[in-house]
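Participant: So that we are looking at the same thing, I have put the structure below in structure tokens.
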DNA sequence: CAGCATCCGCTTTGATACTG
DNA sequence: CAGTATCAAAGCGGATGCTG
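Encoded structure:
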């Protein structure tokens, strides 16, 4: 990227991470940990492969990403965030939080990955009854199930099938399921948009932040 | 900007504010409040005027900026952040904070504005002795003096000459003065780089965060 | 197959000139 | 003051091909 040529902390930051795709590459590494080139391509649908290679080179030079020549069994290159790259998490989180209301628009063409959604859920929910027995909610959306669990007064999300039967399982399109979980839509509204559930929908009240 | 086409909160956010110059325009409005077109151009050296006009239109459509047709005495257009635009502050602050170490590189060509610097200082300093009488430090850098004051256990920066004589006045190039204030350089090092002071340099210790 | 590099058409940006 | 108009240059998207 061409430098903004401003002696300003924000401008200098954008000189490094302000290019198209750059923050999304960092998102992939922040959410998924070590990634192969192919994993990154899968998590960044639409990126041109030459751009991905170029950005990874730039991020390496900027000490945000490093390349690990892998252990014998797999024998592939892994990309990871450096400590300096990890320090971008707060900024990523604030931008992610700001973007949540924009999830109201789901273009039918939009690609969906469950790990993108789980990170937003993580930021927007909390456990309002930390002393009660933990609850589990499973969302059947995206490319793999999302499991929401209460742990130590916080909410933790993970991917893949729930280890134990969940207290509530939601199925349907991403937007209305998210709307219900985040408290933007009520149960009746979500059902009208095709959301189905199994279990106890009341557990959701425990997770939602007041606004 | 062409949409990333991802149903992801961060990607949706970047669809709106990820274009070149966009976050810097929002920075200007966040730091300076209402701005005229000309003020924006002055705070964004290097932007092409057609781009500024286009971005402002896009930001208006995205409900981040609005245009106020001004009161009779001035009779000019003012641009302001909407409430939705104000909600970008936390994200701006985190990116600004992340960029501070990059201020280590000051290209002689870089434009400098004092309000860019004061916002970074604001984020990086605190008052470690809130019960003692307040102190004032004045920095003669950028295009106008920066005044740092301790108020209620916080640090407040403002622009323009200090209302009362400061406990410490620093003069010199931006980078070494900032380095000294933020505790990256010590006094001897800063002096070696041309920084001069008047007053009591010890007040700086009170403002710096431990690392 | 993973990890790129090259080529080409299109879109975005930059620089400058001009206008109500 | 607050833009619009124009055009060249840079960046990006998509397709394809190369290499271990």
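Residue numbers (the numbering used here), protein chains in the order written: chain A, 172 to 382; chain B, 172 to 382.
We treat Cβ as the ideally placed atom computed from N, Cα and C, and that holds for glycine.
Please go through the segment 219–269 of chain B and give each complete alpha helix (DSSP H) segment of 4 or more residues, from N-terminal end onward.
Facilitator: 220–232 and 254–257
Participant: Less than 9 Å separating the beta-carbons of residue 335 (chain A) and residue 307 (chain A)?
Facilitator: Counting from one through the first chain, the residue named residue 335 (chain A) turns up at place 164. Counting from one through the first chain, the residue named residue 307 (chain A) turns up at place 136. Result yes, Cβ atoms of residue 335 (chain A) and residue 307 (chain A) sit closer than 9 Å.
Participant: List, from N- to C-terminal side, the beta strand (DSSP E) runs of 3 residues or more that fit wholly inside the segment 297–323 of chain B.
Facilitator: 307–311 and 317–322
Participant: Are the beta-carbon atoms belonging to residue 296 (chain A) and residue 352 (chain A) less than 9 Å from one another?
Facilitator: Here residue 296 (chain A) corresponds to residue number 125 of the first chain, with the count starting at 1. Here residue 352 (chain A) corresponds to residue number 181 of the first chain, with the count starting at 1. Result yes, Cβ atoms of residue 296 (chain A) and residue 352 (chain A) sit closer than 9 Å.
Participant: Name the two residues that bound the continuous alpha helix (DSSP H) containing residue 199 (chain B).
Facilitator: The residue labelled residue 199 (chain B) in the question sits at position 28 within the second chain. Run containing residue 199 (chain B): 193–203, per the alpha helix (DSSP H) assignment.
Participant: Under 9 Å, Cβ to Cβ, is there at least one residue of chain B near residue 357 (chain A)?
Facilitator: As a working mapping, residue 357 (chain A) is identified with position 186 in the first chain. Chain B, which has no Cβ nearer than 9 Å to the Cβ of residue 357 (chain A), makes this no.
Participant: Hey, is residue 278 (chain A)'s beta-carbon within less than 9 Å of any beta-carbon in chain B?
Facilitator: As a first step, residue 278 (chain A) must be located in the first chain, where it is residue number 107. Chain B, which has a Cβ nearer than 9 Å to the Cβ of residue 278 (chain A), makes this yes.
Participant: Please list the residues of the segment 242–268 of chain A that have a C-beta atom closer than 7 Å to any C-beta atom in chain B, keeping them in chain order.
Facilitator: 258, 259, 261, 262, 263, 265, 266 and 267
Participant: Show which residues of chain B have a CB atom less than 9 Å away from the CB atom of residue 217 (chain A).
Facilitator: Translated into positions along the first chain, residue 217 (chain A) becomes position 46. 175, 176 and 177, listed in chain order.
Participant: Closest Cβ-Cβ distance between residue 281 (chain A) and chain B: below 9 Å?
Facilitator: The residue you call residue 281 (chain A) lines up with position 110 of the first chain. Yes, residue 281 (chain A) lies at the interface with chain B (some Cβ there is under 9 Å from its Cβ).
Participant: From the DSSP secondary-structure annotation, give me the bridge partner or partners of residue 329 (chain B).
Facilitator: Here residue 329 (chain B) is taken as the residue at index 158 of the second chain, counted from 1. In the DSSP output, where bridge partners are listed per residue, residue 329 (chain B) has B:318.
Participant: Please list, in chain order, the chain A residues whose beta carbon lies closer than 8 Å to that of residue 315 (chain B).
Facilitator: Indexing the second chain from 1 puts residue 315 (chain B) at position 144. Within chain A, no residue comes near residue 315 (chain B); the closest Cβ sits about 14 Å away, beyond 8 Å.
Participant: Taking residue 385 (chain B) as the reference, give the member of B:198, B:305 and B:375 with the closest Cα.
Facilitator: Given a span of 172 to 382 for chain B in the structure shown, any question on residue 385 (chain B) remains unanswerable.
Participant: When the distance is taken between beta carbons, is residue 293 (chain A) closer than 9 Å to residue 321 (chain A)?
Facilitator: Counting from 1 along the first chain, the entry for residue 321 (chain A) is found at position 150. Counting from 1 along the first chain, the entry for residue 293 (chain A) is found at position 122. Against a cut-off of 9 Å, the Cβ pair of residue 293 (chain A) and residue 321 (chain A) comes out as no contact.
Participant: Taking DSSP as the reference, what is the three-state secondary structure of residue 370 (chain B)?
Facilitator: Numbered from its first residue, the second chain carries residue 370 (chain B) at position 199. In this structure, residue 370 (chain B) counts as strand in the three-state DSSP scheme.
Participant: How far does the beta strand (DSSP E) with residue 342 (chain B) in it extend, from its first residue to its last?
Facilitator: Mapped onto the second chain, residue 342 (chain B) falls at position 171. DSSP places residue 342 (chain B) inside the beta strand (DSSP E), whose first and last residues are 339–342.
Participant: According to DSSP, is residue 164 (chain A) helix, strand or coil?
Facilitator: Not covered by the structure: residue 164 (chain A). The range shown for chain A is 172 to 382.
Participant: Relative to the ligand COA, is the shortest distance from any of its heavy atoms to the C-beta of residue 362 (chain B) smaller than 8 Å?
Facilitator: This structure lacks the ligand COA; in fact it carries no ligand of any kind.
Participant: Just to make sure I have the definition right: I need the residues of chain A whose C-beta is within less than 8 Å of the C-beta of residue 289 (chain B). Which are they?
Facilitator: Your numbering for residue 289 (chain B) matches position 118 in the second chain. The contacting residues do not exist; residue 289 (chain B) stays about 11 Å from chain A at best.
Participant: How far does the alpha helix (DSSP H) with residue 186 (chain B) in it extend, from its first residue to its last?
Facilitator: If you number the second chain from 1, residue 186 (chain B) lands on position 15. Here the alpha helix (DSSP H) through residue 186 (chain B) covers 180–188.
Participant: Quick one: Cα of residue 350 (chain B) to Cα of residue 259 (chain A), how far?
Facilitator: For this step, residue 350 (chain B) is matched to residue 179 along the second chain. For this step, residue 259 (chain A) is matched to residue 88 along the first chain. When rounded, the distance between both Cα atoms is 22 Å.
Participant: Taking only beta-carbon positions, decide if residue 189 (chain B) is within less than 9 Å of chain A.
Facilitator: In the second chain, residue 189 (chain B) corresponds to position 18, counting from 1. For residue 189 (chain B), the answer is yes, since a Cβ of chain A falls inside 9 Å of its Cβ.
Participant: Express the C-alpha separation of residue 245 (chain A) and residue 228 (chain B) in angstroms, rounding to a whole number.
Facilitator: Counted from its first residue, the second chain places residue 228 (chain B) at position 57. Counted from its first residue, the first chain places residue 245 (chain A) at position 74. Looking at the two C-alpha atoms, the distance is approximately 50 Å.
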